[in-house]
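Chains as they are written, first to last, in the working numbering: chain G, 188 to 676; chain C, 928 to 1104.
Each remark here refers to the structure printed beneath this line.
Here it is as structure tokens:
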């Protein structure tokens, strides 16, 4: 008898996502689907607005990573203006982008995944949360707050506030960095670097306890995509698109980001509002060059975000991050990418280290307090594409405008969407490993959630809620009758 | 007044105020009545300051983890959270449970939202106490709201609520003189 297990909602606040696990006659997981049930429609309702407004509007897409949308949107605006922004403006944007990486990754590691990693996947759900973490490891919790606060403070110093700062604009940034704030950032850096070192030790110490998770949490072949510098280094703000396959072969060595449509397609499934971006050259085609089956795009599955970025780059470009990257690469056979999504955690910490080292360099740059931070121009191009690396992966904004700068068409490819195929595969892999005969325990639910949290998806912030998502798991028989219900929260 | 209060907040790292009151306005001024939390908080802080109390004002979209540390650095004796609510017709002041007692189910509930759009006031107080050993008495002001649509400006009911800030300030001072 075929059964379906429904986990709904995955999210706490607005019910944005749910998971269904489809069992075969033997009670084994046959298929798993991560459904995003939220529709926001930014692409559509931005039409008719001025491109000048877009950084402010699109930053509202997210309260956790508004800076990412500011970056991509401002860069799309730069392209419409046809300007090279002042060098100091580019450095300041990078500074804010790195600061965001630090705060977002710190939240993900310390407070969202920390309870699972430090208290255990099967620990008491009533304690497996931030409060439980505080009770048992208050120093860890304090350190996490300090590191996140560092990132938030830098964003606030640059943009005037930490959430939705209206600071980057088409052509540059609104305000330069003051000498006073530069000094403050410099003073905060040593502690942030120390905390990151401690976090790396903490994670490596935890590896021994998570051998199962290391082995089967999103451990499958896929492609990886991210920005790299022209020299092949780790990059978060600009650079070129690189795609690498599961054997380490470079499929796209350095595509100009504005040409992303040449390699990326977006599939749609009726059961989710989240699109399924895929790498077009790898998708299955029939003799006429068309998609052959409904899931022809599955072969083009790629991962983005921290794991992908450290997999596609040749080197990081800063001393401590490069040392960690060398150690990280020992997790995979020589020359091949690290395939296990469990190591998103490790990649995240390497990126924090990298970002902090880059901030040290940038703050010491004499030009960083230069007052010339904005280029002025009118509409010179009818199309602008802005691409940057958000904490969760590559973010694309493409704007088509008329001569007055009014948006005629908008396309955005969000990082979380690009991991959609991989998240579905991860859920399936974890469920297949842990669910036998249709029996679902709380610990299994938590592992499935953790599998999603590895990607730190941004479709709803509450997807991050550790171990305490109210869940209803319903098991239906083939006739649609409810035969079992498990609730939590 | 707003600028002065903000600047006092920004100096918190350098000046630890004893026996001060921290007023935290929660809301979004671009969602109509949701902005009442900020406006009420500003008015309340002003009233308390006029009464000679040392006041810090923080205006937030949401209560975040790092705010626990910032708030603890102020070492306030009282924290007053101000939030718009559809559940009340008149602004009301209620004490929050002792942070030391926040555990179990309420802590669980509070932490569930940690990465979403904010902590609960009780969770923030608990974090201040457990991580930074700052035991502040917590108060919640709920001010009436009915329209959370896009845009600025308050409905009549929300505006009326904000105008009662002096009454709430008096009530607070009576209870904490």
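Quick reminder that beta carbons are idealized off the backbone N, C-alpha and C, glycines included.
Note that the structure is a prediction, hence the values are computed from the model and not measured.
If you check the beta carbons only, do residue 968 of chain C and residue 982 of chain C fall under 7 Å apart? It is not a contact, given that the beta carbons lie outside the stated cut-off.
Are the beta-carbon atoms of residue 537 of chain G and residue 518 of chain G separated by less than 7 Å? Between residue 537 of chain G and residue 518 of chain G, the gap from beta carbon to beta carbon reaches 7 Å or more.
What did DSSP end up calling residue 1075 of chain C once you bin it into helix, strand or coil? In this structure, residue 1075 of chain C counts as coil in the three-state DSSP scheme.
Would residue 969 of chain C pass as an interface residue toward chain G - the criterion being a Cβ-Cβ separation below 7 Å? Taking Cβ atoms only, chain G never reaches closer than 7 Å to residue 969 of chain C, which makes this a no.
Using the Cβ count rule (16 or more neighbours within 10 Å means buried), how would you classify residue 232 of chain G? So residue 232 of chain G ends up on the exposed side.
Hey, quick one: how far does the beta strand (DSSP E) through residue 1022 of chain C stretch, first residue to last? Boundaries of the beta strand (DSSP E) harbouring residue 1022 of chain C: 1019 to 1022, taken from the DSSP string.
Residue 563 of chain G classed as buried or exposed, judged by whether at least 16 other C-beta atoms fall within 10 angstroms: Note on residue 563 of chain G: under 16 other CB atoms within 10 angstroms of its CB, so exposed under the neighbour-count rule.
For residue 531 of chain G and residue 499 of chain G, the rounded distance between their alpha carbons: In a straight line, the C-alpha of residue 499 of chain G is about 14 Å away from that of residue 531 of chain G.
From G/276, G/234, G/213, residue whose alpha carbon lies closest to that of residue 554 of chain G: Here the closest residue by C-alpha is G/276.
So, do the segment 454 to 470 of chain G and the segment 213 to 223 of chain G have three or more beta carbon pairs nearer to each other than 8 Å? At 8 Å Cβ cutoff, the stretches touch.
At least one CB of chain G closer than 7 Å to the CB of residue 1094 of chain C: is that the case? Not an interface residue.
Proximal residues to residue 638 of chain G (C-beta, below 8 Å), its chain only, five neighbours per side dropped: Excluding residues within five positions, the ones whose Cβ falls inside 8 Å are 404, 405, 528, 610, 613, 614, 616, 617.
Using a Cβ-Cβ cut-off of 7 Å (strictly less than) and excluding sequence neighbours within five positions of residue 972 of chain C, which residues of its own chain qualify? Here the set comprises 932, 950, 982, 984.
Residues of chain G with a CB under 7 Å from the CB of residue 992 of chain C: which are they? Under the 7 Å cutoff, chain G gives 298, 332, 335.
Report the option in G/434, G/247, G/415 whose CA atom is closest to the CA atom of residue 521 of chain G. Ranking the options by Cα distance to residue 521 of chain G, first place goes to G/434.
List the endpoints of the continuous alpha helix (DSSP H) containing residue 242 of chain G. Under the DSSP assignment, residue 242 of chain G falls in the alpha helix (DSSP H) whose first and last residues are 241 to 246.
Name the one or two DSSP bridge partners that residue 527 of chain G has. BP columns for residue 527 of chain G point to G/406.
By the 10 Å Cβ neighbour count, where 16 or more other Cβ atoms means buried, how is residue 623 of chain G classified, buried or exposed? It counts as exposed.
Should residue 330 of chain G be labelled buried (16 or more other beta-carbon atoms within 10 Å of its own) or exposed? The residue in question, residue 330 of chain G, is buried, as its Cβ has 16 or more Cβ neighbours within 10 Å.
Checking contacts by CB at 7 Å: is residue 986 of chain C closer than that to chain B? Within the model displayed, chain B is absent; protein chains G and C are what it includes.
Roughly how many angstroms lie between the CA atoms of residue 543 of chain G and residue 246 of chain G, to the nearest whole one? Cα to Cα, the separation comes out at about 23 Å.
Terminal residues of the alpha helix (DSSP H) in which residue 599 of chain G lies: Membership of residue 599 of chain G in any alpha helix (DSSP H) is not indicated; the residue belongs instead to the beta strand (DSSP E) covering 594 to 600.
Distance CB(residue 466 of chain G)-CB(residue 455 of chain G) smaller than 7 Å: Not closer than 7 Å, so no.
Locate the beta strand (DSSP E) running through residue 581 of chain G, then write down its first and last residues. Taken as a continuous stretch (DSSP letters only), the beta strand (DSSP E) holding residue 581 of chain G covers 580 to 588.
Segment limits, beta strand (DSSP E) that includes residue 454 of chain G: Where residue 454 of chain G is concerned, the enclosing beta strand (DSSP E) starts and stops at 451 to 454.
Please confirm whether residue 325 of chain G and residue 1054 of chain C have their CB atoms less than 7 Å apart. In this structure, residue 325 of chain G keeps its C-beta atom at 7 Å or more from the C-beta atom of residue 1054 of chain C.
Based on the DSSP secondary-structure assignment, which residues constitute the bridge partners of residue 958 of chain C? BP columns for residue 958 of chain C point to C/1078.
Under 9 Å from the C-beta of residue 328 of chain G: neighbouring residues of chain C: From the beta-carbon of residue 328 of chain G, the residues of chain C found nearer than 9 Å are 992, 1054, 1057, 1058.
Any Cβ of chain G within less than 7 Å of the Cβ of residue 1000 of chain C? No - not a single Cβ of chain G is within 7 Å of the one on residue 1000 of chain C.
What is the DSSP secondary structure of residue 930 of chain C, counted as helix, strand or coil? In this prediction, residue 930 of chain C has a pLDDT of 34, which is less than 50 and means its spatial position is unreliable; what the coordinates show is noted afterwards. DSSP, read as helix, strand or coil, puts residue 930 of chain C in helix.
Leaving out five residues on either side along the sequence, give the residues of the same chain with a beta carbon under 7 Å from the beta carbon of residue 552 of chain G. Exclusion of the five residues before and after residue 552 of chain G leaves 278 as the residues of its chain whose Cβ lies within less than 7 Å of its Cβ.
Threshold first: 4 residues or longer. Then list the alpha helix (DSSP H) segments lying entirely within the segment 367 to 429 of chain G, N to C. Runs found: 398 to 403.
Going by CA-CA distance only, name the one from G/575, G/374, G/343 that's closest to residue 362 of chain G. Of G/575, G/374, G/343, the smallest CA-CA separation from residue 362 of chain G is found for G/343.
Are residue 437 of chain G and residue 410 of chain G touching if we call contact CB-CB under 7 Å? Not closer than 7 Å, so no.
Excluding the five sequence neighbours on either side, which residues of its own chain have a C-beta within less than 7 Å of the C-beta of residue 541 of chain G, listed in chain order? Only 421, 503, 505, 508 meet the Cβ criterion.
Let me know the secondary structure DSSP gives residue 521 of chain G once reduced to three states. Of the three classes helix, strand and coil, the one that applies to residue 521 of chain G here is coil, per DSSP.
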